[in-house]
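This note's numbering puts the sequence shown at residues 7 to 244.
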Amino acid sequence: MKRLGVNIDHVATLRNARGEKHPDPVYAAKFVNELGVDSITIHLREDRRHIRDLDAKKICSLKKLSTNLEISIKDEIVKNAIKIKPNFICIVPENRNEVTTEGGLDLKKNKDKLKSIIRIFKDKGIRTSLFINPSLKDISLSKNFGADCVEIHTGRFSNFIKNKKNFKNEFLRIKKCSKFASKIGIEVHAGHGLDYRSTKILSKIDEIVEFNIGHFIIGESIFFGLKKVIKNFKKILG
Ligand code: PXP
């Protein structure tokens, strides 16, 4: 059985649209956890467009659930993440004008910064992951930087599926990268833009042990409810 991490950022997006308290992402974290998912993912963005510091603090202090905090390499965010004390950290690129995380990290450009951030969290016993494009070179660099895991950006793959385009090459690229990462001792996760179909196809890759899925789960739950949608994903990953 592969692990399912549920990203609840968009519960906060909905709350913020009204500037009030409902729907509460802290309640969502508890609710989703009760449904038997493996972790709750939240992204503390520099512009705080969805999850805010207090949400992150409250969610990461909940007992009996695993939290995966996505952060950029900005000093202010890293300092806050240390105070928030999640179980896991996933370092992601961030661009203020993007609608969502558009690609993987530029590992070469941010080498020193990434190495020092990974060290900070590893010294605290926090599992660290780097969000990367499916590239063998980036996997070697991730290992070299000391990351425990990589999360492969599946946005391109997901778009091929959604647009009914040929996804074979991208699938093979992700598969090759996953096998290589696993061989050199890096745990492999996958995320971004995933829905039922793309998750089902990628779940055939043995080396991918964790899927982090957000937007589709929250969107689909408007029609079918979190309970049903998460049950469907668990079945796919079972
Ligand atoms: N994994 C990472 C590292 C992400 O940055 C995101 C988006 O915040 C996701 C997974 C979830 O992507 P989506 O909301 O498209 O499922």
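Quick reminder that beta carbons are idealized off the backbone N, C-alpha and C, glycines included. Computed from a prediction, not measured in an experiment: that's the story for all the values here.
Below 8 Å on the Cβ atoms is my guess for Leu200 versus Phe177; work out the distance and round it to an integer in Å.
Start at 1 with the first residue of the sequence shown, and residue 200 comes out as number 194. Start at 1 with the first residue of the sequence shown, and residue 177 comes out as number 171. Wrong, their Cβ atoms sit about 13 Å apart, outside the cutoff.
Would Ile79 and Leu120 be called neighbours here (beta carbons separated by less than 8 Å)?
The sequence position of residue 79 within the sequence shown is 73, counting from 1. The sequence position of residue 120 within the sequence shown is 114, counting from 1. Result yes, Cβ atoms of Ile79 and Leu120 sit closer than 8 Å.
Would you call His266 buried or exposed, if buried means 16 or more other Cβ atoms sit within 10 Å of its Cβ?
Past the edges of the chain, shown from 7 to 244, lies residue 266, and the structure says nothing about it.
Starting from His49, trace the alpha helix (DSSP H) in both directions and tell me its first and last residue.
Taking the first residue of the sequence shown as position 1, residue 49 is located at position 43. His49 -> not in any alpha helix (DSSP H); beta strand (DSSP E) instead, spanning Ser45 to His49.
Distance, Cα to Cα, Phe163 vs Phe173?
For the purposes of this step, residue 163 is taken as the residue at position 157 of the sequence shown. For the purposes of this step, residue 173 is taken as the residue at position 167 of the sequence shown. Straight-line Cα distance between these residues: approximately 6 Å.
Following a CB-centred definition, is Gly5 positioned closer than 7 Å to any heavy atom of the ligand PXP?
Examination of residue 5 is not possible in this model, given that the chain is present from 7 through 244 alone.
If you run the structure through DSSP and keep just helix, strand and coil, what is Asn218?
The residue you call residue 218 lines up with position 212 of the sequence shown. DSSP places Asn218 in strand when its eight states are reduced to three.
In whole angstroms, what is the alpha-carbon distance linking Lys182 and Lys143?
In the sequence shown, residue 182 corresponds to position 176, counting from 1. In the sequence shown, residue 143 corresponds to position 137, counting from 1. Their backbone Cα atoms lie some 12 Å apart in a straight line.
How about Asp53: is its Cβ closer than 7 Å to a heavy atom in the ligand PXP?
If you number the sequence shown from 1, residue 53 lands on position 47. Checking the Cβ of Asp53 against the ligand PXP gives no.
If I'm right that Ser135 touches Cys96 with Cβ under 8 Å, what's the distance once you round it to whole angstroms?
If you number the sequence shown from 1, residue 135 lands on position 129. If you number the sequence shown from 1, residue 96 lands on position 90. Rounded, the Cβ-Cβ distance is 4 Å, consistent with contact.
What first and last residue would you give for the alpha helix (DSSP H) that runs through Ala87?
The count along the sequence shown starts at 1 and reaches residue 87 at position 81. Its alpha helix (DSSP H) spans residues Asp81 to Ile90.
What span of residues does the alpha helix (DSSP H) with Arg24 cover, start to end?
As a first step, residue 24 must be located in the sequence shown, where it is residue number 18. First-last of the alpha helix (DSSP H) with Arg24: Asp15 to Arg24.
Does the distance from the CB of Val12 to the CB of Ile236 come in under 8 Å?
By 1-based counting over the sequence shown, the position of residue 12 is 6. By 1-based counting over the sequence shown, the position of residue 236 is 230. Yes; because the gap between Cβ atoms is below 8 Å, this pair is in contact.
Taking the alpha-carbon of Arg133 as reference, which of Asp59, Arg54 and Pro92 has the nearest alpha-carbon?
Residue numbering aside, residue 133 sits at position 127 when the sequence shown is read from its first letter. Checked all of Asp59, Arg54 and Pro92; the closest Cα to Arg133 is Pro92.
Report yes if the C-beta distance between Leu113 and Ile138 is below 8 Å; otherwise report no.
In the sequence shown, counting from the first residue as 1, residue 113 sits at position 107. In the sequence shown, counting from the first residue as 1, residue 138 sits at position 132. Yes, Cβ-Cβ distance for Leu113 and Ile138 is below 8 Å.
So what does Cys155 bridge to, in DSSP terms?
Against the sequence shown, residue 155 aligns to sequence position 149. DSSP, once it has assigned bridges, lists Ser135 and Glu193 as partnering Cys155.
Are there any heavy atoms of the ligand COA lying less than 7 Å away from the beta-carbon of Asn218, as far as the coordinates show?
Absence of the ligand COA from the depicted structure is noted, with the ligand PXP being the only ligands included.
Do Asp61 and the ligand PXP come close, with the Cβ less than 7 Å from some heavy atom?
As a first step, residue 61 must be located in the sequence shown, where it is residue number 55. Because no heavy atom of the ligand PXP lies under 7 Å away, the Cβ of Asp61 does not count as near it: no.
Under a three-way DSSP split, which group does Ile57 fall into?
For the purposes of this step, residue 57 is taken as the residue at position 51 of the sequence shown. Ile57 falls in the coil class under three-state DSSP.
Where DSSP assigns a beta bridge to Arg179, which residues make up the other side?
Position 173 of the sequence shown, counting from 1, holds the residue named residue 179. BP columns for Arg179 are empty, so no partner.
The ligand PXP heavy atoms versus the CB of Leu200: any closer than 7 Å?
In the sequence shown, counting from the first residue as 1, residue 200 sits at position 194. Result yes, Cβ under 7 Å from the ligand PXP.
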